[in-house]
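Order-wise, the sequence lines are chains A and B. Take the first sequence: its position 30, counted from the start at 1, is 446 in this note's numbering, and no numbers get skipped. Take the second sequence: its position 302, counted from the start at 1, is 346 in this note's numbering, and no numbers get skipped. Ideal placement from N, C-alpha and C gives every residue a C-beta, glycine not left out.
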Amino acid sequence: MQTAHLPLCHESALAEGQALGFDPDSRGQDTLILLRHQGLLHAWANVCPHQGVPMAWRRHAHLNAAGTHVQCHAHGALFDRASGLCVQGPCLGQHLWRRDVVVDTHGQVHWLRNAAHA
Amino acid sequence: MKITGLETLVFGVENLGDCAQYLKDYGLIAVREDAQGGRYEALDGTAVELALASDPALPQAMPNGCLLRKTVLAVADAATLDAIAAELGKDREVKRLADGSLESVDDMGFTLGFALTQRRTLSRAGEISNLPGSPFQRPANHLGVDANVGQIYASTLSHIVYFVPDVAKAEAFYVERLGFRCVDRFTGVGPFLQPGGSLEHHSHFLIGAPAFMKGVEHFTFHFTGPNEVMQNGARFIEKGYQPFWGPGRHQLGSNWFWYFNSPFACHMEMDADMDLHDNAWTAREVPMGADASQAFLLGYREKWMPGPGTSENGDYA
């Protein structure tokens with residue numbers, strides 16, 4: 417299975433507690449969320465398990481107001497930032513889909529997209 | 045009971061600034077705004093009110109993340125207010141607040157207000173399409189669209205959609221206690237409800253859902269027609285907001301729709317041109333599905349024109 421390395425941003429673009437949306441395939445719609453939580457980067461598909469829809473309310477607005485969870489702003493579902501588990505909302509108990517990212521020696525963050533994500 | 049529609053929706057939020065900017069970009073006008081909250085009105089004075097989630101003056105929050113604290117219904121006269129107070133007072137507390145309005149609760153736990161309507165009658169017309177021979181046309185020299193028009197403002201609060209754990213019980217409360225009637229129904233989902241003092245297809249739609257989802261699916265204001273919905277919606281996207289569904293036109297109610305994600309833990313819609321129904325109407329019941337939900341569905345596109353630089357597949361590449 418061929419894996420593509422798609423550059424997202426420099427890791428310094430994400431401070432602790434921050435999340436950003438990315439459109440690595442130039443679809444005109446952010447399809448990937450990158451966040452930093454307890455120092456670690458986590459990447460999630462920008463797809464709610466409830467109805468398969470994008471989750472921000474405004475570009476990059478992927479967290480709830482308190483900044484404690486990823487939130488789907490379609491119906492308010494809350495997801496644990498590190499595990500992707502839905503802890504409140506229509507998709508309670510389901511998980512976000514994780515995306516694999518790697519930080520290279522220059523600090524550049526890449527999404528490792530394999531054919532399953534095409 | 046002459047309930048005429050929705051008057052005000054009250055939300056308790058933590059991010060007042062974000063929520064306020066969202067409402068203003070949507071097309072509501074800030075008539076009161078400070079560090080504690082604000083009031084954001086459509087052109088007729090119907091409104092969304094924001095307050096800090098910690099504000100002790102707000103009705104209690106539902107335990108599942110729903111940010112709506114109160115749905116204020118509009119009534120035409122004091123006699124209706126008295127009738128509502130008498131009816132609901134039979135089996136629940138009805139408070140009379142300092143502003144003269146009533147506050148109580150429905151059978152699902154949504155806090156309700158009832159207030160004499162302060163709605164201003166709008167003097168603007170809905171959008172009119174010119175057709176040779178039609179008796180309804182724009183006057184000569186009135187343009188159909190202005191691409192450079194300033195902020196487009198919502199005309200009036202239209203409807204709200206609740207997720208409810210017991211549709212039959214929820215519907216019975218509005219029908220039997222408050223004089224609503226079912227205008228149409230999606231089988232196995234829920235009813236579109238019209239209050240007794242309005243001809244609009246619905247002010248409420250109820251969707252059956254598990255108890256942990258109890259809350260709001262969406263709410264919306266009316267715009268003047270499809271042109272405003274699409275022009276305002278396109279601008280909203282260009283400001284960075286996230287569309288969810290639309291633009292399109294529903295079948296039940298015929299309203300044009302465009303739904304957006306929002307910071308209110310529910311969708312906010314732009315809608316226009318809803319059908320009117322009176323007592324001669326027989327409610328339809330249809331199975332829910334993509335075909336039944338809309339007559340057609342479109343999507344946002346960046347502006348484009350044919351010419352140099354066009355890809356070999358054209359606009360639909």
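Limits of the unbroken beta strand (DSSP E) element including residue i
i       : result
G81(B)  : G81 to E85
V116(B) : L112 to V119
V363(B) : Because chain B here runs from 45 to 361, residue 363(B) falls outside it and cannot be looked at.
T264(B) : G259 to F267
Y360(B) : No beta strand (DSSP E) contains Y360(B), which DSSP labels as neither H nor E.
S148(B) : L146 to V149
A95(B)  : A91 to L96
D143(B) : Note, D143(B): premise wrong, no beta strand (DSSP E); not H, not E.
Beta carbon of residue i nearer than 8 Å to that of residue j
i       : j       : result
V517(A) : L528(A) : yes
V205(B) : H294(B) : no
V519(A) : E432(A) : no
N299(B) : A316(B) : yes
L111(B) : F304(B) : no
E171(B) : G269(B) : yes
A127(B) : M45(B)  : yes
A118(B) : T161(B) : yes
P291(B) : M274(B) : yes
C63(B)  : G492(A) : no
T264(B) : M312(B) : yes
D69(B)  : F280(B) : yes
V330(B) : A324(B) : no
For residue j and residue i, the rounded distance between their alpha carbons
i       : j       : result
G188(B) : S173(B) : 8 Å
S207(B) : Q195(B) : Looking at the sequence provided, one finds Phe at residue 207(B) rather than Ser. Each residue's alpha carbon lies about 32 Å from the other.
L222(B) : I47(B)  : 8 Å
A459(A) : T447(A) : 11 Å
H266(B) : S202(B) : 6 Å
Q504(A) : K134(B) : 35 Å
D143(B) : Y360(B) : 56 Å
A481(A) : R182(B) : 46 Å
E147(B) : V138(B) : 6 Å
P100(B) : K213(B) : 30 Å
A498(A) : H453(A) : 7 Å
G71(B)  : Q434(A) : 29 Å
V211(B) : R140(B) : 28 Å
P235(B) : V525(A) : 49 Å
N192(B) : N108(B) : 42 Å
P506(A) : Q487(A) : 12 Å
Endpoints, alpha helix (DSSP H) assigned at residue i
i       : result
Q275(B) : P270 to E282
I128(B) : A122 to L132
S247(B) : Looking at the DSSP string, S247(B) is not in any alpha helix (DSSP H), and its letter there is neither H nor E.
Y66(B)  : L60 to Y70
The ligand NAP heavy atom lying under 7 Å from the CB of residue i
i       : result
K347(B) : You won't find the ligand NAP in this model; it holds no ligand whatsoever.
Between the segment 263-287 of chain B and chain A, which residues of the former have CB atoms less than 7 Å from a CB of the latter, in chain order?
Listed in sequence order: G284, Y285 and Q286.
If you measure beta-carbon to beta-carbon, which residues of the segment 284-318 of chain B are closer than 7 Å to chain A?
Within the segment 284-318 of chain B, the qualifying residues are G284, Y285, Q286, F288, N305, S306, P307, A309, C310 and H311.
Give a yes or no on contact between the segment 68-87 of chain B and the segment 463-472 of chain A, applying the rule of three or more CB pairs nearer than 8 Å.
With contact defined as three or more Cβ pairs closer than 8 Å, the segment 68-87 of chain B and the segment 463-472 of chain A are not in contact.
Decide if the segment 238-250 of chain B is in contact with the segment 280-287 of chain B; the criterion is three or more beta carbon pairs, one per stretch, under 8 Å apart.
No: the two stretches stay apart, fewer than three of their Cβ pairs being nearer than 8 Å.
Would the segment 115-125 of chain B and the segment 64-83 of chain B be scored as touching if the rule is three or more Cβ pairs under 8 Å?
In short, these stretches do not touch, since the Cβ pair count stays below three.
Closer than 9 Å, Cβ to Cβ, to anything on chain A: give me those residues from the segment 99-124 of chain B, in chain order.
Of all residues in the segment 99-124 of chain B, N108, G109, C110 and L111 have a Cβ within less than 9 Å of some Cβ in chain A.
Are the segment 92-99 of chain B and the segment 50-60 of chain B touching by the rule of at least three beta carbon pairs closer than 8 Å?
The segment 92-99 of chain B and the segment 50-60 of chain B touch, with no fewer than 3 CB-CB distances between them shorter than 8 Å.
Mind listing which residues of the segment 246-259 of chain B have their C-beta closer than 9 Å to chain E's C-betas, in chain order?
Among the protein chains of the structure shown, namely A and B, there is no chain E.
Under 8 Å, CB to CB, which of the residues in the segment 45-71 of chain B have a partner in chain A?
Listed by position, the residues of the segment 45-71 of chain B near chain A (Cβ gap below 8 Å) are V57, E58, N59, D62 and Y66.
Give, in chain order, every residue of the segment 496-507 of chain A whose Cβ lies closer than 9 Å to some Cβ of chain B.
For the segment 496-507 of chain A, the beta-carbon criterion of a distance under 9 Å to any beta-carbon of chain B is satisfied by Q504, G505 and P506.
Could you list the residues in the segment 451-473 of chain A with a C-beta less than 8 Å from some C-beta on chain B, going in chain order?
Taking 8 Å as the Cβ-Cβ cut-off against chain B, the residues of the segment 451-473 of chain A that qualify are V469, P470, M471, A472 and W473.
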